[in-house]
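Take a look at the structure below.
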Amino acid sequence: GDSVTQMEGPVTLSEEAFLTINCTYTATGYPSLFWYVQYPGEGLQLLLKATKADDKGSNKGFEATYRKETTSFHLEKGSVQVSDSAVYFCALSVPYGSSNTGKLIFGQGTTLQVKP
Amino acid sequence: DGGITQSPKYLFRKEGQNVTLSCEQNLNHDAMYWYRQDPGQGLRLIYYSQIVNDFQKGDIAEGYSVSREKKESFPLTVTSAQKNPTAFYLCASSISHRSPYSNQPQHFGDGTRLSIL
């Protein structure tokens, strides 16, 4: 079935370091891919998305490229800040036509800690 | 501003008690979802509704019930049959499950934290 796998955390970086959080997926058809961020005690906020192969989603300095050949959607940021400390979730949206249409499949989340 | 409102923020359940978590959205979205989040884990789908007066079980529906009498409201009841209800509960909505909207993102509320007394 459809699934998402993220690198395990926590990921601990110093401020201004380069960030990569790996995400790979398994899906039938052509899913859309998302990164969500969750700050402590809050709900999830959409960070970025990509709806087809080779699309690059970007927002607030974060980027991720939809790589169909490697079934990946890795999250990157060139220079992290303390305020980026949060849990990051990779997710895919089951394509239309499946019995699970519209459902999101989440990875287990990766905690990022950025130290000053 | 449009959004999803969950209430209460914190909720305590006594032994044998049913409790209801509220979720209201003013985004005019057709589809709504309930997720459970346990510490250090991802989100697991409890129930979802693609249209008013219709809903389906998700991956962990046992011990929970829902209703969808109005488009903007999707309350979740945690029944006494749910033996381990302590968790963070998140409600979400999306435009529609139908094409061409089925690939649109879900929007989340701020969650309700449920604990056992």
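Protein chains in written order, with our numbering: chain A, 14 to 129; chain B, 3 to 119.
Positions of the beta carbon are idealized from the N, C-alpha and C atoms, including for glycine.
Within its own chain, the residues whose Cβ lies closer than 8 Å to the Cβ of residue 76(A), once the five positions on either side in sequence are excluded, are 61, 69, 70, 88, 89 and 90, listed in chain order.
Secondary structure at residue 107(A): coil, using DSSP grouped into helix, strand and coil.
For residue 102(A), the C-beta contacts it makes with chain B under 8 Å involve 44 and 45, in order along the chain. The closest CA to that of residue 97(A), considering only 41(A), 18(A), 30(A) and 17(A), is found on 30(A). Rounded to whole angstroms, residue 38(A) and residue 35(B) show a C-alpha spacing of 22 Å.
Residue 98(A) sits in coil when the DSSP states are folded into three classes, being neither helix nor strand. Residue environment for residue 19(B): exposed (fewer than 16 other C-beta atoms within 10 angstroms of its C-beta). Secondary structure note for residue 18(A): its beta strand (DSSP E) is the uninterrupted segment 16-19. The distance from the Cβ of residue 106(A) to that of residue 105(B) is about 5 Å, consistent with a contact at the 8 Å cut-off.
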